[in-house]
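Take numbering that gives the first Met the number 0: the final residue in the sequence shown is number 832, and no numbers are missing along the way.
Glycine residues also receive a C-beta, built at the ideal position from the N, C-alpha and C atoms.
If you're wondering where the values come from, they're calculated on a predicted model, not measured in any experiment.
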Amino acid sequence: MYDTHKPELFVIKDAALGSPDKGVVRIIFTKNTLDGTISRPDHYQFPTGGIWISKGYEEIDQKFREGELFILDNYSPQSKDEIGYTQDHHDHWSTSTAVRPMDVNQMLPVIDAGLPDISSGHLNLNRSFPKGPFFIRHSASIYGPFTADYVDNEVICTPYSHVGLSISNHFVAKVDIYGAQEKEVYLTPDPAMKQVAYDGFVSSISQFSQQLKGEWKELDYISDTQLITFFAKGKMGKSSPMISRKMSESFKAVINDYQKKEKLLGNSERTSRLKKVLDKYLVGSSVGEEIIDEYLKSAEGKSFLTAYLADNPGIASNYLPDLNAKKEQLEIEIRDLQSRKQRKEQEIDTAIAREKAKAQQMIEEIRTKNIHEVQEERNRLLQSLESNIEEKKQALESIDQQTAMALDKLKVVDDIQELKGEVNFLQRRERELEDIVKAREAKLKSPDLPRELTEVKTILDLLQGNSYEVEVKKAKPLPVKMMSVSPDNGAQIVQSMVDAFDQKGRAFSFEEMANLLITVQQSFLTVFKGLPGSGKTSTAIRLAQAYHLRESDSVSDHFLNIPVSRGWVSGRDLLGFYNSLKGSYQPAKSGLYQFLRQGQEEQTAQVLRLVLLDEANLSPMEHYWSDFLAMCDTECRFRQMDTGMPGDDRFLSASANLRFIATINNDHTTEPLSPRLCDRVPVISMDIPHMPTAREFGSLVLDGAIPFPQLDQYFGLPQELAVDAPPVLSGCYDILEARDRTQGNPVLISQRKRNAMLAYYEVACRYLDRKDAADFALSQHAIPLINGHGKQFLKRLDKLREHAMQNSLTRTTLLIDDIIANGDNYAGTYSFY
0 MYDTHKPELF VIKDAALGSP DKGVVRIIFT KNTLDGTISR PDHYQFPTGG
50 IWISKGYEEI DQKFREGELF ILDNYSPQSK DEIGYTQDHH DHWSTSTAVR
100 PMDVNQMLPV IDAGLPDISS GHLNLNRSFP KGPFFIRHSA SIYGPFTADY
150 VDNEVICTPY SHVGLSISNH FVAKVDIYGA QEKEVYLTPD PAMKQVAYDG
200 FVSSISQFSQ QLKGEWKELD YISDTQLITF FAKGKMGKSS PMISRKMSES
250 FKAVINDYQK KEKLLGNSER TSRLKKVLDK YLVGSSVGEE IIDEYLKSAE
300 GKSFLTAYLA DNPGIASNYL PDLNAKKEQL EIEIRDLQSR KQRKEQEIDT
350 AIAREKAKAQ QMIEEIRTKN IHEVQEERNR LLQSLESNIE EKKQALESID
400 QQTAMALDKL KVVDDIQELK GEVNFLQRRE RELEDIVKAR EAKLKSPDLP
450 RELTEVKTIL DLLQGNSYEV EVKKAKPLPV KMMSVSPDNG AQIVQSMVDA
500 FDQKGRAFSF EEMANLLITV QQSFLTVFKG LPGSGKTSTA IRLAQAYHLR
550 ESDSVSDHFL NIPVSRGWVS GRDLLGFYNS LKGSYQPAKS GLYQFLRQGQ
600 EEQTAQVLRL VLLDEANLSP MEHYWSDFLA MCDTECRFRQ MDTGMPGDDR
650 FLSASANLRF IATINNDHTT EPLSPRLCDR VPVISMDIPH MPTAREFGSL
700 VLDGAIPFPQ LDQYFGLPQE LAVDAPPVLS GCYDILEARD RTQGNPVLIS
750 QRKRNAMLAY YEVACRYLDR KDAADFALSQ HAIPLINGHG KQFLKRLDKL
800 REHAMQNSLT RTTLLIDDII ANGDNYAGTY SFY
């Protein structure tokens, strides 16, 4: 059962042991999943301080850097009695599927270094810097958060903005290191752990903000280039135009180059820093002239210029004569332009008034003329219409007279045709009566007349309640040979079945065989899907032979092979029907009725009874198998079927040890499985390539049938189900059911399906890795429900595929790849079938 209250582990990789795929990770911190507190690991709970990674360590080694923290959220205790125990063991084990990266805003590294240069962001650091946001420990204080990048082989730091900090852009916080430690915001690892890459960690951005907000001091850490951009983006006055992006980037590049040469330093307020930067650039470059000009036009710039000239009067005195001369010249030009403007305005007003008067006169003339013309045209049209109306009336009267004459003639013709039709009918009737008389004469003279009279007499007797039924004795089932040696555990049975399958036909790995036995035992109906030749039918037959339910090609009382035909529409095609004429039940030729009757005998209850529906979807399964569909639910498993017969044999039931296997194909000759059937049964895909493994256990010689109670004990449904699904399954549910329009229609997973997957997962974990158990559960229960259309639904499948790959769900990934490939070839329709 999956334990949701175990502490979450923050670990680093240590070293591979034995092989590249096995190794150890070291525990640095533990997180209580109930209250969220983070602390060093408890030595009594984790005495070795490490977790044994039994599979997937090479993937961990490639994904994470030396000393980098990551999360391990699922692990199990290990003892000497468990399979896979080694001498160099640790007390807990896990696999790479339980590993995930640390959130970017959680456990932020704290490095011991000097503060970066405020003007350029340059940081003197003789070690690698963190990939995400980090803090700097300097002089008993913590500064940050920062982010860093390599620029021209130098480490350049910038303040990290986060909405949870409530700190302005380009500012960082300064807090006392002892206060942060006291409130458990600043955490340090065990000094003995030399592999940790950093000196300490800030637990999270949210904890930093909640616990220390009233204690920190905000420091303005804007660089010179960002300062120029800040003022260039409309900060010099509301009337100042925005500087273009190209000019701003050019100016920033020049400032960066200049800083490298001059090494500008300064930590005053932003306006004071800008004045100093501009003084430098006025002497050294002309690229920022437009920005400086915009600044000097603003109220703040004018105040600065006035104060500057007051402090340096000699600078302005040299330019006053030229400026006064230019001012007088400009004033003369302005007066000349103003007088020219007034003359032009007068000329335009005069021309407008003249043209307006002409237009008004023309409008009046046109209006007067139009009124007379319209009246004359109206009178002319009225006269013409009255003349046309009179002519049409005369023509209509003439047509009415001609129509009346034609109708009189047509009536006479109809009477003649009716009489002719009656004559033809009487002639045909005469010929029919002659044929009937001849047939009756021939029948009376026929030698078969006595036999036919006997048949009619028999039917009349049956209708009157007389019965001609001959009682057929029920055949007793033959006793089955049971195995001589009882297995110690389910793994022995799985390995014995693997050995039996290896002798002939398609080979099965230990994991595949365990999946087959668990699925058949837990599900009333199991579906085998695959292309022709993939081994669907042979697998079912070989399973019956390996269980000793069927010997070679002989007829068996415990295994029934039914070839489904096209055109089956109801249960009478599979079971049969009650013949009221004969007063007896008419079994179908499938033999299922007799097989179920035998299943009610006591001697058949000790072993598994298996029915194979070969090529099951040649006809709609939910039609001819409808009597059994509800039995897939635990609540209706033992529902009785009404045969319609009178007496004690009226009801027929399916015994507890009865299981169905159906094989299906997908082509134009078959019927698709309905959603209500898919929601009740698992589908094993036989097209997935065989995946051999090195896992092997001791086996038995199966010299007889295995008792059904033992099969149910080892592979059947568990007594209780876990409350919550493991993260790998719940993550799949969330992706499929997310109601996001950008990902198309959701794929809903019913509680029935969730219970079936959880029951399978709990039993399969006895024999398989948790990853493989989850992989089989998803590929057989959840993936067959996929059915959607369009590019948006493809985004949902891509996200599901990424989740499967991250958790090493090989079979699930292969099935999703097939669905995507087939959907791309068929107009964007993505379906499992």
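- Counting only the Cα atoms, Cys156 lies some 4 Å from Ala147.
- Of the residues assessed, Pro725 falls on the buried side of the cut-off, its CB having 16 or more other CB atoms within 10 angstroms.
- Residue state for Glu634 is assigned as helix, using DSSP reduced to three classes.
- In its chain, beyond the 5 residues on either side, Ile517, Gln521, Phe714, Gly715, Leu716 and Pro717 have a beta carbon closer than 8 Å to the beta carbon of Val762.
- Residue range Gln105 to Asp111 is occupied by the beta strand (DSSP E) that includes Met106.
- Closest by C-alpha distance to Gly113, out of Arg800, Ile734, Ile141 and Ala196, is Ile141.
- The C-beta separation of Gly163 from Glu214 comes to about 16 Å, leaving the pair out of contact by the 8 Å criterion.
- When rounded, the separation of the alpha-carbon atoms in Ala352 and Val373 is 32 Å.
- CA-CA distance, Arg740 to Arg795, rounds to 10 Å.
- DSSP places Arg658 inside the beta strand (DSSP E), whose first and last residues are Leu657 to Ile663.
- Non-local C-beta neighbours of Asn514 in its own chain, meaning closer than 6 Å and more than five positions away in sequence, comprise Phe775, ordered along the chain.
- Bridge pairing for Ile561: Leu612 [DSSP].
- When the beta-carbon positions are compared, Thr642 and Tyr577 come within less than 7 Å of each other.
- Inter-residue distance for Ser138 and Pro190 is about 20 Å (C-alpha atoms, whole angstroms).
- Bridge pairing for Trp51: Val23 and Trp92 [DSSP].
- The segment 13-23 and the segment 31-40 do not touch, with fewer than three beta-carbon pairs separated by less than 8 Å.
- Judged by DSSP secondary structure, Ser202 falls within the beta strand (DSSP E) whose first and last residues are Gly199 to Ser203.
- Gln599 is bridged by DSSP to nothing; it lacks a bridge partner.
- Ranked by Cα distance from Asp632, the first of Val174, Asp647, Ala655 and Lys54 is Ala655.
- Between Ser778 and Thr811, the C-beta gap is smaller than 7 Å, which places the two residues in contact.
- Annotation: Lys588 is outside any alpha helix (DSSP H) and is labelled neither H nor E by DSSP.
- Here Ala826 is actually not in contact with Ile815; their C-beta atoms are around 19 Å apart, not less than 8 Å.
- Contact check for Ile11 against Gly66 passes: the beta carbons are separated by less than 7 Å.
- Bounds of the beta strand (DSSP E) holding Arg136 are Phe133 to His137.
- Under the 8 Å Cβ criterion, the segment 90-108 counts as touching the segment 122-136, having at least three qualifying pairs.
- Counting other Cβ atoms within 10 Å of its Cβ, Glu510 reaches 16 or more and is therefore classed as buried.
- Going by DSSP, Gly143 is part of the beta strand (DSSP E) stretching over Ser140 to Val150.
- When secondary structure is reduced to three states using DSSP, Ser167 falls in the coil class, being assigned neither helix nor strand.
- Per DSSP, reduced to three states, the secondary structure at Met496 is helical.
- The C-alpha of Ser118 lies about 14 Å from the C-alpha of Glu153.
- With contact defined as three or more Cβ pairs closer than 8 Å, the segment 180-199 and the segment 17-31 are in contact.
- In the DSSP assignment, Ala14 falls within the beta strand (DSSP E) that extends over Glu7 to Leu16.
- Residue pairing of Asn786 in beta bridges, as defined by DSSP: Ser830.
- Note: Ser38 is bridge-paired with Thr29 in the DSSP secondary-structure output.
- By the C-beta criterion, the segment 675-692 is judged to be in contact with the segment 749-757, since at least 3 inter-stretch pairs fall below 8 Å.
- From the listed residues Gln805, Leu380 and Gly789, the smallest Cα separation to Tyr829 is found for Gly789.
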